[in-house]
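Residue 410, in our numbering, is where the sequence shown stops; the numbers in between run on with no holes. For each residue, glycine too, the CB sits at the ideal point set by N, CA and C. Right, one structure below, let's go through it.
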Amino acid sequence: MKNKEFLKVGIVNGFLSMLYFSIVLFAFSWIFKYNFSTDMKGHVYIYMDLLEKDILPMPPLYYWTIGLVDKFCSFRYPFVLAAILVLGFASLAKYFISLFYLKSQAIDFRAHSWFSGMLVFGLMFFFPVYAYRFEGLYWYLGKFTPNVWHNSTTIFVFPFSIALFFVSLEWIGSPKQKWWWAQLLLGVLVLSIKPSFLFVFIPALPLIDLLKRKRFDQNFALTVLLSGMLLGGVFFQKYLIYHQNPFTDQVFGVSAKSEIILAPFEVWDFYVENKFQDVATSFLFVFAGIFLMGKRLWNDWHFQYALIMVLGAISIYFLIAESGTRMLDANFYWQIPISLFILYLVFVKHLLLEIQSVPKISDLPWKTQMLLFLYSLHVFSGMLYLIRLLWLDKYH
Numbered sequence: 015m016k017n018k019e020f021l022k023v024g025i026v027n028g029f030l031s032m033l034y035f036s037i038v039l040f041a042f043s044w045i046f047k048y049n050f051s052t053d054m055k056g057h058v059y060i061y062m063d064l065l066e067k068d069i070l071p072m073p074p075l076y077y078w079t080i081g082l083v084d085k086f087c088s089f090r091y092p093f094v095l096a097a098i099l100v101l102g103f104a105s106l107a108k109y110f111i112s113l114f115y116l117k118s119q120a121i122d123f124r125a126h127s128w129f130s131g132m133l134v135f136g137l138m139f140f141f142p143v144y145a146y147r148f149e150g151l152y153w154y155l156g157k158f159t160p161n162v163w164h165n166s167t168t169i170f171v172f173p174f175s176i177a178l179f180f181v182s183l184e185w186i187g188s189p190k191q192k193w194w195w196a197q198l199l200l201g202v203l204v205l206s207i208k209p210s211f212l213f214v215f216i217p218a219l220p221l222i223d224l225l226k227r228k229r230f231d232q233n234f235a236l237t238v239l240l241s242g243m244l245l246g247g248v249f250f251q252k253y254l255i256y257h258q259n260p261f262t263d264q265v266f267g268v269s270a271k272s273e274i275i276l277a278p279f280e281v282w283d284f285y286v287e288n289k290f291q292d293v294a295t296s297f298l299f300v301f302a303g304i305f306l307m308g309k310r311l312w313n314d315w316h317f318q319y320a321l322i323m324v325l326g327a328i329s330i331y332f333l334i335a336e337s338g339t340r341m342l343d344a345n346f347y348w349q350i351p352i353s354l355f356i357l358y359l360v361f362v363k364h365l366l367l368e369i370q371s372v373p374k375i376s377d378l379p380w381k382t383q384m385l386l387f388l389y390s391l392h393v394f395s396g397m398l399y400l401i402r403l404l405w406l407d408k409y410h
């Protein structure tokens with residue numbers, strides 16, 4: 015019986031992961047086939063331009079990866095098939111790392127295996143709830159989403175960022191040297207792809223360490239050292255990007271030169287169409303989850319950690335921007351999707367713990383059933399967004 019249960023879980027997870035991978039590859043292939051105004055095709059063109067001019071891309075790792083894969087998987091157009099495969103496997107890695115985190119939290123997927131599996135599968139499509147008749151031009155801009163389909167470097171950095179979060183949990187829970195070095199390695203990888211997540215990870219790590227362990231000791235000093243080293247890397251990269259790298263001048267033109275400035279709410283104000291509606295529909299599940307789960311959620315330090323990162327991520331987006339023509343590129347937004355995804359992953363953990371505690375789904379408390387209903391609304395909206403992106407050529 016036990017072997018049959020494990021086999022069933024394996025079949026469920028295998029089927030759902032392959033289904034997700036197929037959807038991802040189809041979506042990315044469609045995006046590259048048609049003329050979408052997304053960063054995905056733009057990044058390929060930028061890399062080709064940089065190669066012609068012999069300029070080092072900054073940060074380089076995504077471009078180097080598609081360049082390496084293209085040597086073995088080139089088809090018709092340079093780097094296109096490579097980008098599709100790299101982003102497809104990055105998305106699949108995001109899915110499996112999420113499963114790995116949940117399994118590490120004593121989640122038993124044998125309990126209601128199909129329902130539990132679909133909950134994790136749905137997280138990959140989680141988006142703000144769309145009030146269709148009341149939506150304006152923007153379904154993405156002005157809102158806050160835990161998933162991104164149009165920006166290649168963000169998609170690529172996602173699994174590394176979630177892995178960094180997971181490893182930092184291990185470090186704080188059991189401060190072993192291997193976890194410290196794993197954090198440093200993953201932090202450097204994130205920095206070399208897209209540093210956005212580090213903007214919130216760097217301050218959040220020592221803060222949650224102090225809140226969780228409540229002592230200033232050698233391990234806390236190592237935590238601070240790690241954050242300090244990564245912060246140094248961020249500032250060094252900033253210097254290269256804004257002052258030493260010819261990338262901006264030769265690819266975007268001298269007029270695109272910019273600096274980081276304080277610009278409270280300017281970027282969000284440009285894109286948001288209805289502040290109350292966009293906040294409410296973006297965070298409907300968060301607000302309901304905090305209210306309905308209560309102390310059980312607040313007492314989970316994983317939730318505290320994720321919430322600190324989300325609040326920090328939104329604060330950065332609201333307060334700072336790039337000056338000049340690149341201000342509306344909203345390059346200080348990208349830490350929000352990653353932090354939000356991690357927060358929702360913690361919520362899913364609590365939903366799965368509830369689900370595995372009852373013999374039938376119908377036996378769940380009304381509060382949990384309400385949360386599952388709201389969760390499904392967000393997932394359904396994510397499916398609508400993907401359809402809109404693919405068939406109407408509108409990522410915004």
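For the 7 Å CB-CB criterion, F305 and L311 do not form a contact. DSSP places Y152 outside both helix and strand once states are collapsed to three, so it counts as coil. Here the segment 95-107 makes no contact with the segment 351-370; the two share fewer than three CB pairs at distances below 8 Å. The segment 374-393 and the segment 195-202 do not touch, with fewer than three beta-carbon pairs separated by less than 8 Å. Bounds of any alpha helix (DSSP H) do not take in L276; it lies within the beta strand (DSSP E) bounded by I274 to L276. In the three-state scheme derived from DSSP, where H, G and I count as helix and E and B as strand, I334 is classed as strand. Of the candidates I98, V83, P278 and I69, P278 places its Cα closest to the Cα of L333.
In the three-state DSSP reduction, F297 falls in the coil class, being neither helix nor strand. In this structure, S130 sits away from F140, with a CB-CB distance that is not shorter than 7 Å. Ranked by how close their Cα comes to the Cα of L239, the residues T339, W78, F211 and L219 have L219 in first place. Following the DSSP letters along the chain, one finds F215 inside the alpha helix (DSSP H) bounded by residues L212 to R227. Its Cα nearest to that of F234, the residue K190 stands out among K190, D63, K55 and A177. In this structure, the alpha-carbon of M72 lies about 19 Å from that of T339. Counting C-beta pairs closer than 8 Å gives fewer than three between the segment 17-37 and the segment 212-228, which falls short of the contact rule. Collapsing the DSSP output to three states places Y91 in a strand. Contact between S395 and P173 does not hold, since the beta-carbon distance rounds to 24 Å and is not under 8 Å. Taking all protein chains in view, the Cβ of A96 is crowded by 16 or more other Cβ atoms within 10 Å, so the residue is classified as buried. In the three-state scheme derived from DSSP, where H, G and I count as helix and E and B as strand, F346 is classed as coil. Nearest Cα to Y144 within the set F249, Y91 and F297: F297. Annotation note: the segment 109-189 contains the following uninterrupted alpha helix (DSSP H) runs of length 4 or greater, listed N- to C-terminal: 127-137 and 166-187.
Annotation: L391 to D63 spans about 42 Å, alpha carbon to alpha carbon.
F299 and L388 have their C-alpha atoms some 6 Å from each other. Taking L342 as the centre and dropping the five residues before and after it, the same chain places the C-beta of V281 and F284 closer than 7 Å to its C-beta, in chain order. In the same chain as Y347, and ignoring 5 residues on each side of it, the C-beta atoms closer than 7 Å to its own belong to Y331, in chain order. Shown here, I356 sits in a helix according to DSSP, grouped into three states. Judged by DSSP secondary structure, F249 falls within the alpha helix (DSSP H) whose first and last residues are Q232 to Y253.
By the CB criterion at 7 Å, G308 and F361 fall outside the cutoff.
For M138, the closest C-alpha among the options L155, S127, L113 and H126 is that of L113. Here the alpha carbons of L82 and P92 stand approximately 12 Å from one another. Within the model, the alpha-carbon separation for E368 versus Y109 is close to 21 Å. According to the DSSP assignment, I69 belongs to no alpha helix (DSSP H), since it is labelled neither H nor E. The beta carbons of D223 and I186 sit closer together than 7 Å. Going by beta carbons, L244 and L221 fall outside the 7 Å limit. Distance from the CA atom of M384 to the CA atom of F301, rounded to whole angstroms, is 12 Å.
Counting every other CB atom within 10 Å of its CB across the protein chains shown gives A327 a total of 16 or more, marking it as buried.
By the beta-carbon neighbour count (other beta carbons within 10 angstroms, threshold 16), F180 is buried.
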